[in-house]
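**Student:** Pasting in a structure now, in structure tokens, and then I'll have a few things to ask.
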Amino acid sequence: MRDRELITSETACPQCGALLAVPHQVDTFACTHCHSSLRRGAGIRVHRLFERPRVTPEAAAGFLRGWFASPAGPSDLEKEAVSQVDGLHYVHFLRIRRRGADVVMPLAPLPAPEVLDLGGVPAQLDGEPPAAAEDAAARVIPIDEELLKEGLRRAAADPDVDDVLVERRAYYPVRYTYRGDRYTAVVEAGSGRVLTERRPARREVLGERRVAAGAMLLLFAEAVLVPGLAARVVAIVVTAAGLYPMLRWAVARHG
Ligand SMILES: [Zn+2]
123 MRDRELITSE TACPQCGALL AVPHQVDTFA CTHCHSSLRR GAGIRVHRLF
173 ERPRVTPEAA AGFLRGWFAS PAGPSDLEKE AVSQVDGLHY VHFLRIRRRG
223 ADVVMPLAPL PAPEVLDLGG VPAQLDGEPP AAAEDAAARV IPIDEELLKE
273 GLRRAAADPD VDDVLVERRA YYPVRYTYRG DRYTAVVEAG SGRVLTERRP
323 ARREVLGERR VAAGAMLLLF AEAVLVPGLA ARVVAIVVTA AGLYPMLRWA
373 VARHG
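Residues 123 to 377 (the numbering used here) are what the sequence shown spells out, left to right.
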């Protein structure tokens, strides 16, 4: 298995970012890519880490149902959504550990936008890849070597970098339809968290529009019904002052 061979003593060339296996028992060696001469211990250490999925496919479907039922979405989402949870997937991220903030970047074109968020969710990672049998059913999204090289080059050029991790993360892709629209999501395989970029809006929006329309009607009625110009102006100003924060809130929420 390729991953297993790459676990120990990998180094990124500080000149070109190429990933190198450091030969044993030598003090200097040449980068196989750019041919610059490297000292043993120079370059950035690269570690491979693997997430062991702890959420089964059945549990993933359960976490999704729980998320459908949560009050953040429409109240009939659980009943109306038609969903499909795909099998276990693995995707790789490069984590550049640096003084200051880590930089995390995906190492493959992302099959769905929420997969990007996986890189930011903490996980239990292990230096040993799972046994091949455990992985048999999983789909591994291959590392894009150009993205890896670019990330390592970036890390090599940054004096604040301590080391670099290649993290393999586990998730279940989700597709679902709700009232004719298609959505994607990801169930993270470490804790069952549901990650999503776009979700159906709560339908209470309609009710909020009705409140806003009612407010306009109230303003109009005051203008017509309150006797005396001064009293009218005061009434309208007072009503508008009370409504303004509510309308602003509604606009901020729904655009
Ligand atoms: Zn090189």
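Using N, Cα and C, we set each Cβ at its ideal position, and we do this for glycine too.
(1) Using a Cβ-Cβ cutoff of less than 6 Å, which residues in the same chain neighbour Ala245 once the five nearest sequence positions on both sides are dropped?
(2) Which whole-angstrom value describes the C-beta separation of Ala183 and Val207, a residue pair presumed to lie in contact below a C-beta threshold of 8 Å?
(3) What is the rounded straight-line gap between the Cα of Arg176 and the Cα of Glu202?
(4) Just checking Gly139 against ligand 1 - is the residue's beta carbon closer than 8 Å to any of the ligand's heavy atoms?
(5) Between Ser197 and ligand 1, is the CB less than 8 Å from at least one heavy atom?
(6) Thinking C-alpha only, which one of His146, His157, Arg220 and Trp189 is nearest Cys135?
(7) Flag Ser158 as yes when its Cβ comes closer than 8 Å to any non-hydrogen atom of ligand 1, and as no otherwise.
(8) According to DSSP, which residues form a beta bridge with His169?
(9) Answer with yes or no whether the minimum CB distance from Val226 to chain C is below 9 Å.
(10) Can you look up Val144 in the DSSP assignment and give me helix, strand or coil?
(11) Mapping the DSSP letters down to three states, classify Asp239 as helix, strand or coil.
(12) Under the three-state reduction of DSSP, which class applies to Arg162: helix, strand or coil?
(13) For the alpha helix (DSSP H) containing Pro179, name the first residue and the last one.
(14) For His211, verify whether its CB is less than 8 Å away from any heavy atom of ligand 1.
(15) Do you know how far the Cα of Val373 is from the Cα of Ala363?
(16) According to the Cβ coordinates, are Gly139 and Arg275 closer than 9 Å?
(17) Report whether the distance from the Cβ of His155 to the nearest heavy atom of ligand 1 is below 8 Å.
**Tutor:** With the given structure in hand:
(1) Contacts found: Glu173 and Gly312.
(2) Your pair Ala183 and Val207 checks out as a contact, with CB atoms roughly 5 Å apart and the cut at 8 Å.
(3) Taken atom to atom, the span from the alpha-carbon of Arg176 to that of Glu202 is near 28 Å.
(4) The nearest non-hydrogen atom of ligand 1 is less than 8 Å from the C-beta of Gly139.
(5) The answer is no for Ser197.
(6) Cα-wise, what sits closest to Cys135 is His157.
(7) Yes, ligand 1 has a heavy atom inside 8 Å of this Cβ.
(8) DSSP output for His169 lists Leu287 as bridge partner(s).
(9) The structure shown contains no chain C; it is built from a single protein chain.
(10) It is coil, neither helix nor strand.
(11) The answer is helix: DSSP assigns Asp239 an H, G or I state.
(12) The three-state secondary structure of Arg162, taken from DSSP, is coil.
(13) Unbroken alpha helix (DSSP H) run through Pro179: Pro179 to Phe190.
(14) It does not: the Cβ of His211 is nowhere closer than 8 Å to a heavy atom of ligand 1.
(15) When rounded, the distance between both Cα atoms is 16 Å.
(16) With contacts defined by Cβ atoms closer than 9 Å, Gly139 and Arg275 form a contacting pair.
(17) Yes, the Cβ of His155 comes within 8 Å of a heavy atom of ligand 1.
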